[in-house]
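The next block holds one structure in the form of structure tokens; read it before the comments.
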Amino acid sequence: MSTSTLQQAPTPATQAQRRVVHRTLGRGHGPITRLMSPGDLGQYLKPFVFLDIFDMDRRGPPGPRMPIHPHSGIATVTVLTQGALNFEDPDAGTGTLGYGGVEWMRASAGVWHGQETSPADVPRIQGFQLWVALPPELENAQPQSRYIEARDMRRAGPAHVIVGEYEGVRSPVPAWDGLNYLLVTLRAGEAWTYQPPAGHTVGWLAMASGTLDAGTALTGGEMAVFEPGEQPIALANSGDEDAVFVLGSAVPHAHELHLGNYSVHTSAQALAAGERRIGELYEKMQAAGDRRTASGAIPVYR
């Protein structure tokens, strides 16, 4: 079992801690900033292979929506740090995702998605979308989707346990063992230490807002990669506002990444099967016609 501490100071500078070995502000394109891709940091942090932070001011004219696009071989995890999204799905019902809620989509053999949620009546929507490479036994399995509202998610100290198990608290997301993904807010003056479970030698975090002392100063929009190991990750809010961030740790993914345009697989054969299925789904989706719901969402096609 892993353990953590939450306290008022001292800061991490006084504790033995895991070192930050890489920092990035990513590459921005409109309201989306790409912090990690399968061809760069994803090679070192796998099974975590992709991370976007999105930040949309909805007080002006609406911008273009994400186009419908395919995936296979991965799971996508979407969490919000500000604002809310509505979902409407024939298999999942309707509801609203805010801070602490999650959209989990295990694309596996293949899906088309991109407009399965619609913005709630809020001035700003900010959050993260993460891709996780699947193990071989799941990468061409039947896809699954889950929308879990914040009231049904579980917490361990300052962390919502989005994926995995931490301090005996297990997320309701139906993921495989060996990875944790947490959404954390530290108030001004608070310090917290994350002790990774055994075998979780991959570790990173990404800041939504505020400032953190992680042995080096981190600010909103920044991603930090920790040195490999199982040592604790000591963090402290070093500013006057809340520090909001996501943190991931995992057992390393033991397979090469075979990349398609929207797919990540463990072998060329698995990638070919996923892309073939994506093509088949596209034909069926086109034949199905307009699938838009009353709220304007278009459910995941799988």
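Take the sequence shown: its position 49, counting from 1, is numbered 327 in the working numbering, and each next residue is one higher. Quick reminder that beta carbons are idealized off the backbone N, C-alpha and C, glycines included. Since we're looking at a predicted model, the values are computed, not measured.
1. With 16 other CB atoms within 10 Å as the buried threshold, where does M279 fall?
2. Is the separation between the beta-carbon of L313 and that of M501 shorter than 8 Å?
3. What does Q360 pair with, by DSSP beta-bridge criteria?
4. Could you give the distance in angstroms between the alpha-carbon of L549 and the alpha-carbon of L535?
5. Can you tell me the Cα-Cα spacing of M383 and Q422, whole angstroms?
6. Nearest by alpha-carbon distance to V542: which of I310, W482, L416 and E366 is it?
7. Check whether the stretch 382-400 and the stretch 495-510 touch, using three or more Cβ-Cβ pairs below 8 Å as the test.
8. Rounded to whole angstroms, what's the CA-CA distance from Q547 to P450? Just pull it up for me.
9. Verify whether the separation of the beta carbon atoms of P397 and R337 is less than 8 Å.
10. Identify, in the order they occur along the chain, each residue of the same chain with its Cβ nearer than 7 Å to the Cβ of P368, setting aside the five sequence neighbours on each side.
11. How about the stretch 461-473 and the stretch 506-524: do they share at least three Cβ pairs that are nearer than 8 Å?
12. What's the C-alpha gap between N364 and F332?
13. Let me know if K562 comes out buried or exposed under the rule of 16 or more other beta-carbons within 10 Å of its beta-carbon.
14. Please identify the residue among A565, G567 and G526 whose C-alpha is closest to the C-alpha of P325.
15. Inspect the beta-carbon positions of R424 and P452 and report whether they are closer than 8 Å.
16. From P474 to G567, what distance separates their C-alpha atoms?
17. Which residues does DSSP pair with S541 in a beta bridge?
18. Specify, as a first and last residue, the run of the beta strand (DSSP E) that I511 falls within.
19. At the level of alpha carbons, what is the spacing between R343 and E394?
20. Nearest to Q360 by CA position, among I352, Y377, A370 and G351, is which residue?
21. If we count the other Cβ atoms within 10 Å of its Cβ and call it buried at 16 or more, is P348 buried or exposed?
22. By alpha-carbon positions, which one of D318, L303 and G317 ends up nearest to T311?
23. Identify whether R424 lies in helix, strand or coil by the three-state DSSP scheme.
24. Is A532 helix, strand or coil by DSSP?
25. Could you tell me whether the Cβ atoms of V522 and A486 are closer together than 8 Å?
26. Judging by CA-CA distance, which residue of Y540, R555 and S545 is the nearest neighbour of L345?
27. Between the Cα of G552 and the Cα atoms of Q509, V355, A385 and R296, which residue gives the shortest distance?
A quick look at the data gives this:
1. Start at 1 with the first residue of the sequence shown, and residue 279 comes out as number 1. Caution applies to M279, whose pLDDT of 37 falls short of 50 and renders its modelled position unreliable; the value that the coordinates give is listed next. Around the C-beta of M279, fewer than 16 other C-beta atoms lie within 10 Å, and the residue is accordingly described as exposed.
2. The residue you call residue 313 lines up with position 35 of the sequence shown. The residue you call residue 501 lines up with position 223 of the sequence shown. When the beta-carbon positions are compared, L313 and M501 come within less than 8 Å of each other.
3. For the purposes of this step, residue 360 is taken as residue 82 along the sequence shown, with counting starting at 1. Bridge partners of Q360: Q404.
4. Position 271 of the sequence shown, counting from 1, holds the residue named residue 549. Position 257 of the sequence shown, counting from 1, holds the residue named residue 535. Roughly 10 Å between the two C-alpha positions.
5. The residue given as residue 383 occupies position 105 in the sequence shown. The residue given as residue 422 occupies position 144 in the sequence shown. Going from the Cα of M383 to the Cα of Q422 covers about 6 Å.
6. Locating residue 542 in the sequence shown gives position 264, where the first residue counts as 1. Nearest C-alpha to V542 among I310, W482, L416 and E366: L416.
7. Short answer: they don't touch.
8. Your numbering for residue 547 matches position 269 in the sequence shown. Your numbering for residue 450 matches position 172 in the sequence shown. When the Cα atoms are used, Q547 and P450 turn out to be separated by approximately 32 Å.
9. Your numbering for residue 397 matches position 119 in the sequence shown. Your numbering for residue 337 matches position 59 in the sequence shown. Cβ atoms of P397 and R337: not closer than 8 Å.
10. Working through the sequence shown from its first residue, we reach residue 368 at position 90. Excluding sequence positions up to five before and after P368, its CB lies within less than 7 Å of the CB of P577, all in the same chain and listed in chain order.
11. Per the Cβ contact rule, the stretch 461-473 is in contact with the stretch 506-524 (3 or more Cβ pairs under 8 Å).
12. Sequence index remark: in the sequence shown, residue 364 carries index 86 (1-based). Sequence index remark: in the sequence shown, residue 332 carries index 54 (1-based). So the two alpha carbons sit approximately 16 Å from each other.
13. On the sequence shown, residue 562 is found 284 positions in, with the first residue counted as 1. Sixteen is the threshold: since fewer than 16 other Cβ atoms of the shown chains lie within 10 Å of the Cβ of K562, the residue is exposed.
14. The residue labelled residue 325 in the question sits at position 47 within the sequence shown. Comparing Cα positions, the closest option is G526.
15. In the sequence shown, residue 424 corresponds to position 146, counting from 1. In the sequence shown, residue 452 corresponds to position 174, counting from 1. Cβ distance < 8 Å, so R424 and P452 count as in contact.
16. Here residue 474 refers to the residue found at position 196 of the sequence shown. Here residue 567 refers to the residue found at position 289 of the sequence shown. Using only the alpha carbons, I get a separation of about 47 Å.
17. As a working mapping, residue 541 is identified with position 263 in the sequence shown. S350.
18. Within the sequence shown, residue 511 is the residue found at index 233, counting from 1. In the DSSP assignment, I511 falls within the unbroken beta strand (DSSP E) covering I511 to N515.
19. Indexing the sequence shown from 1 puts residue 343 at position 65. Indexing the sequence shown from 1 puts residue 394 at position 116. Computed Cα separation, rounded: 11 Å.
20. For this step, residue 360 is matched to residue 82 along the sequence shown. Measuring from the Cα of Q360, the nearest candidate turns out to be Y377.
21. Taking the sequence shown and counting its residues from 1, one reaches residue 348 at position 70. Buried, since its Cβ has 16 or more Cβ neighbours within 10 Å.
22. One-based indexing of the sequence shown puts residue 311 at position 33. Among D318, L303 and G317, the Cα nearest to that of T311 belongs to L303.
23. Walking along the sequence shown from the start, residue 424 turns up at place 146. Strand, per DSSP.
24. Position 254 of the sequence shown holds residue 532. Note: A532 maps to coil in three-state DSSP.
25. For this step, residue 522 is matched to residue 244 along the sequence shown. For this step, residue 486 is matched to residue 208 along the sequence shown. Taking 8 Å as the Cβ cut-off, V522 and A486 qualify as a contacting pair.
26. The count along the sequence shown starts at 1 and reaches residue 345 at position 67. Looking at the sequence shown, residue 345 is not Leu but Pro. That would be Y540, whose Cα lies nearest to the Cα of P345.
27. In the sequence shown, the residue the question calls residue 552 occupies position 274. Nearest C-alpha to G552: A385.
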